[in-house]
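Heads up, my numbering is the position in the sequence shown plus 41, with the first residue counted as 1. Glycine is no exception: its CB is placed at the ideal position from the N, C-alpha and C atoms. In this text, all values refer to a predicted model and were calculated from it rather than measured experimentally.
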Amino acid sequence: MFAVIRTGGKQYRVAPADMVEVEKLSGAAGDAVAFGDVLMVGAEDGVAVGSPTVAGATVAGEIVRQERTRKIHVFKKRRRQNYKRSHGHRQELTLVRITEILTDGKAPAAKAAAEAEAPAKPKRTRAKKPAAAEAAPAEAPADADKE
């Protein structure tokens with residue numbers, strides 16, 4: 042099964058378990074997200090094309106992480122006019138894992154079941170620095186004082 046969704050002014054062909062980079066969505070890693078603008082749904086029995094969207098269809102996903110693309114440098118110059126302009130841009134993106142494609146107005150499956158299967162991450166703590174820096178200063182050799 043696949044679907045074509047619209048988000049951020051672009052269209053994406055998605056299937057369950059796909060990872061898709063879309064324009065920035067609000068939310069943190071692990072949050073659930075639903076795409077309501079489903080333009081087309083394809084299955085084994087045929088294809089449903091919306092006009093403009095498929096009624097009752099939703100694509101559910103989970104935010105994996107928020108990230109930014111590499112920097113793009115924009116440089117403008119007009120020769121012999123002493124005109125130079127430099128500008129940079131980094132686009133913000135959201136990486137989304139598609140969990141399921143729903144039709145006929147069904148609700149997404151409970152996220153709690155998926156979280157119960159995942160093991161809990163241990164907390165990271167900082168180790169204390171060794172006390173070698175606090176050692177007593179070295180004494181001068183006894184032979185140096187006998188002169």
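When you compare the CB positions of residue i and residue j, do they come within less than 9 Å of one another, or not?
i	j	result
I142	R131	no
A73	Q107	no
L136	I104	yes
K117	R111	no
On the DSSP letters alone, give me the boundaries of the beta strand (DSSP E) that residue i sits inside.
i	result
Q52	K51 to V55
R48	Looking at the sequence itself, residue 48 is Thr, so the reference to Arg does not match. That run of the beta strand (DSSP E) goes F43 to T48.
E14	Missing from the structure shown is residue 14; the chain here goes from 42 to 188 and no further.
A89	G87 to V90
Take residue i as the anchor and find which of the options has the nearest alpha-carbon.
i	options	result
V82	A56, R119, T48 and T135	A56
G49	P149, R138, F76 and P93	F76
D145	G129, E64 and A98	A98
E85	M42, R138 and P149	M42
R138	A148, V63 and Q52	V63
P93	P149, K147, T140 and V45	V45
G102	T140, A148 and V90	T140
A150	G91, V100, Y124 and A96	V100
According to DSSP, which residues form a beta bridge with residue i?
i	result
E108	L134
L80	Partner(s): none; L80 has no beta bridge.
G129	H114
Leaving out the 5 sequence neighbours to the left and right, which residues in its chain are closer than 7 Å to residue i when beta-carbon positions are compared?
i	result
R47	D78 and L80
D59	I139
Cutting at 6 Å between CB atoms, please list the residues of its own chain near residue i, excluding the five before and the five after it.
i	result
V115	H128
Y53	I46 and V61
A157	Note that A157 has pLDDT 36, beneath the 50 cutoff, so the model's placement of it is unreliable and no number is given.
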